[in-house]
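Engineer:
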Amino acid sequence: WGIDQPFFRALALDDTRGNNGTALRALLASDRPLEIEIGFGRGDFLLDRAQRHPDRLFIGYETK
Numbered sequence: 003w004g005i006d007q008p009f010f011r012a013l014a015l016d017d018t019r020g021n022n023g024t025a026l027r028a029l030l031a032s033d034r035p036l037e038i039e040i041g042f043g044r045g046d047f048l049l050d051r052a053q054r055h056p057d058r059l060f061i062g063y064e065t066k
């Protein structure tokens, strides 16, 4: 699901092209609060939360 979204695709490509996660590091250097959801499944809850709180950073980590 996530890789189909432009933002996630950009992070994945950044990491796989030998940029050593430059885009992700720049994102995490932000002063915005970070929320991490472990076991986010299809990401519906996380996506809804991110849309309601655009001032925060969100990371979903699937454990499967």
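At position 29 of the sequence shown (counting the first as 1) the number is 31 in this note's numbering, and the numbers step up by one without a gap. C-beta: ideal position from N, C-alpha, C; glycine also. Predicted, not measured: the structure shown is a model, and the values here were computed from it.
Which two residues bound the contiguous beta strand (DSSP E) that contains Phe60?
Structural biologist: Here residue 60 corresponds to residue number 58 of the sequence shown, with the count starting at 1. Start and end: Leu59 to Tyr63.
Engineer: Less than 8 Å between the CB atoms is what I'm expecting for Leu59 and Ser32, so what's the real figure, rounded?
Structural biologist: Numbered from 1 along the sequence shown, position 57 holds the residue referred to as residue 59. Numbered from 1 along the sequence shown, position 30 holds the residue referred to as residue 32. With a contact defined as Cβ atoms closer than 8 Å, Leu59 and Ser32 qualify at about 6 Å.
Engineer: Among the residues of its own chain, which have a CB less than 6 Å from the CB of Ile61, if the five just before and after it don't count?
Structural biologist: The sequence position of residue 61 within the sequence shown is 59, counting from 1. In its chain, beyond the 5 residues on either side, Ile38 have a beta carbon closer than 6 Å to the beta carbon of Ile61.
Engineer: So, for Gly43: in the same chain, excluding its five sequence neighbours on each side, which residues have a beta-carbon less than 8 Å away from its beta-carbon?
Structural biologist: In the sequence shown, counting from the first residue as 1, residue 43 sits at position 41. Excluding sequence neighbours, Gly43 sits near Glu64.
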